[in-house]
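I have placed the structure first, in the form of structure tokens, so that the comments after it can refer back to it.
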Amino acid sequence: MDLDELLTRQHGMLSRAQAIASGLNARRVEWLVTSRRWRRVHAGVFATFTGPLPFEAQVWAAVLRAGRGAVAGHRTAAYLDGLCDDAGPVIHVTVPADRYVQCKIDGVRVHYAHRLPHTRHPSKNPPRTRLDDTVLDLVDVAPHPREAEGWVTAACQRRLTTPQRLADALARRKKIRWRPMTEAMLADGAQSPLELRHLRRVERAHGLPTGCRQRRIAGSRVSWIDVDYDEYRVRVELDGRIGHTGEGRFRDRRRDNRATVDGHATLRYGHADVFGDACGVAAEHVRVLRARGWTGRPRSCGPSCQVAP
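My numbering numbers the first residue of the sequence shown as -2 and each following residue consecutively.
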């Protein structure tokens, strides 16, 4: 690849090593910089044009500075692929775990990955991780289950991938944070892992009354209630449909509105609630059930449990 082709591919960014390999000597490179025809962006990395750096050029500069095998990753790769609308304040790059970037790079966060040869996209420009692996990388570093849930949901709702493709990518990973919740989000089945988690970690663990599950409600339209505490006119909806948009959401809204008109209280939870804060969910159940006549005695499931007996 000649110099012009390389500059076009790399959005005008060039490393010192690439410049010399293309026939320029070190003296010529320094003259181009001191004469302000080029400018130094990072150590050994130059912009060969003047004016503001487009985002793709900033990514290329970070990748070139990080060195062999580096690609855009995490939030930067997510932004490039349309998974999020805000690139964030720093550029994220991922490098193979068998090498180490010695010096800190201003404005760049470096991640290391053992499986990068398998998770690197083969052709996208700037180079980046494959979208399914980008989603899972972001899940892995998410500080809270709600954020992890948000990345999976966004990827599917924006039609960038499918639950099956994410599940396949997840199966290839030995270690990842929030694995049980992520597996539950991507699973199929009438009695979903989300429903089972609610039964075991919310209801049974805290001594709540046993709700009727998957109750069929007939009317002008047939609908299903995930958990129905009919005696207390309380319903729980467990929203585990990560790609659930459009008409489906309007049906849910109409069903909840009808329930309210009929005197039912509806509580709605997702994966991040049930997997990330089962005690908090149980505490809300207790407050609503007691307000509607339940006289039972709940129990704490551990020393830090929010449910008071």
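The beta carbon of each residue, even a glycine, is placed where N, CA and C say it ideally should be.
Exposed or buried, what is residue i when buried is set at 16 or more other beta-carbons lying within 10 Å of its beta-carbon?
i	result
GLY245	Bear in mind that the predicted position of GLY245 carries a pLDDT of just 47, short of 50, making it unreliable; the figure below should be weighed with that in mind. Exposed: under 16 other Cβ atoms inside 10 Å.
GLN154	exposed
VAL304	buried
MET335	This structure cannot settle anything about residue 335, because the visible part of the chain is limited to -2 through 306.
PRO300	exposed
HIS282	buried
GLY243	Residue placement at GLY243 cannot be trusted, given a pLDDT of 46 that sits under 50; the coordinates are not used to answer.
PRO142	buried
TRP148	buried
ASP307	The structure shown does not extend to residue 307, since the chain is modelled only from -2 to 306, so the question has no answer here.
ALA184	exposed
ARG213	exposed
GLY267	buried
ALA54	buried
TRP221	exposed
ASP1	exposed
ARG197	exposed
ASP82	exposed
GLY48	exposed
GLY79	exposed
GLY208	buried
ARG33	exposed
ARG117	buried
State yes or no: is the C-beta of residue i within less than 8 Å of the C-beta of residue j?
i	j	result
ARG210	ASP227	no
VAL107	VAL98	yes
ILE102	ALA74	no
HIS111	ALA94	yes
ALA279	LEU205	yes
ALA84	VAL199	no
LEU135	ARG36	no
ILE173	ASP225	no
LEU105	ALA164	Per the sequence shown, the amino acid found at residue 105 is Val instead of Leu. No, they are not a contact pair.
VAL285	ALA262	yes
If I follow the unbroken alpha helix (DSSP H) through residue i, where does it start and stop?
i	result
ILE88	Taken as a continuous stretch (DSSP letters only), ILE88 belongs to no alpha helix (DSSP H), being part of the beta strand (DSSP E) at 88 to 93.
HIS115	113 to 116
ARG388	Past the edges of the chain, shown from -2 to 306, lies residue 388, and the structure says nothing about it.
MET178	176 to 183
CYS276	275 to 288
VAL56	52 to 63
ALA18	13 to 18
ALA164	160 to 168
VAL138	128 to 138
ALA74	71 to 77
PRO190	190 to 194
ARG198	No alpha helix (DSSP H) holds ARG198; DSSP gives it neither H nor E.
ASP1	0 to 6
Could you give the first and the last residue of the continuous beta strand (DSSP E) run that contains residue i?
i	result
GLN264	Just to set this straight, residue 264 is Leu in the shown sequence, not Gln. That run of the beta strand (DSSP E) goes 262 to 266.
HIS39	36 to 39
TYR109	105 to 110
ARG232	231 to 235
ARG33	Counting along the chain, ARG33 falls outside any beta strand (DSSP E), and DSSP gives it neither H nor E.
ARG212	209 to 214
PHE43	42 to 44
What distance in whole Å lies between the Cβ atoms of residue j and residue i, which are believed to be in contact at a cut-off of 8 Å?
i	j	result
GLY260	ARG230	6 Å
ARG265	ASP236	6 Å
PRO306	ARG289	Contact flag wrong, Cβ pair sits at about 19 Å.
GLN318	LEU3	Missing from the structure shown is residue 318; the chain here goes from -2 to 306 and no further.
ALA145	TRP175	5 Å
LEU133	LEU167	6 Å
CYS298	ALA202	4 Å
LEU113	THR91	6 Å
- Message: Quick check: the segment 62 to 76 against the segment 113 to 130, are at least 3 beta-carbon pairs closer than 8 Å?
- Response: yes
- Message: For the pair the segment 154 to 170 and the segment 126 to 138, tell me if three or more CB-CB distances fall below 8 Å.
- Response: yes
- Query: Any chance the segment 41 to 49 sits against the segment 3 to 22, with 3 or more Cβ pairs inside 8 Å?
  - Reply: yes
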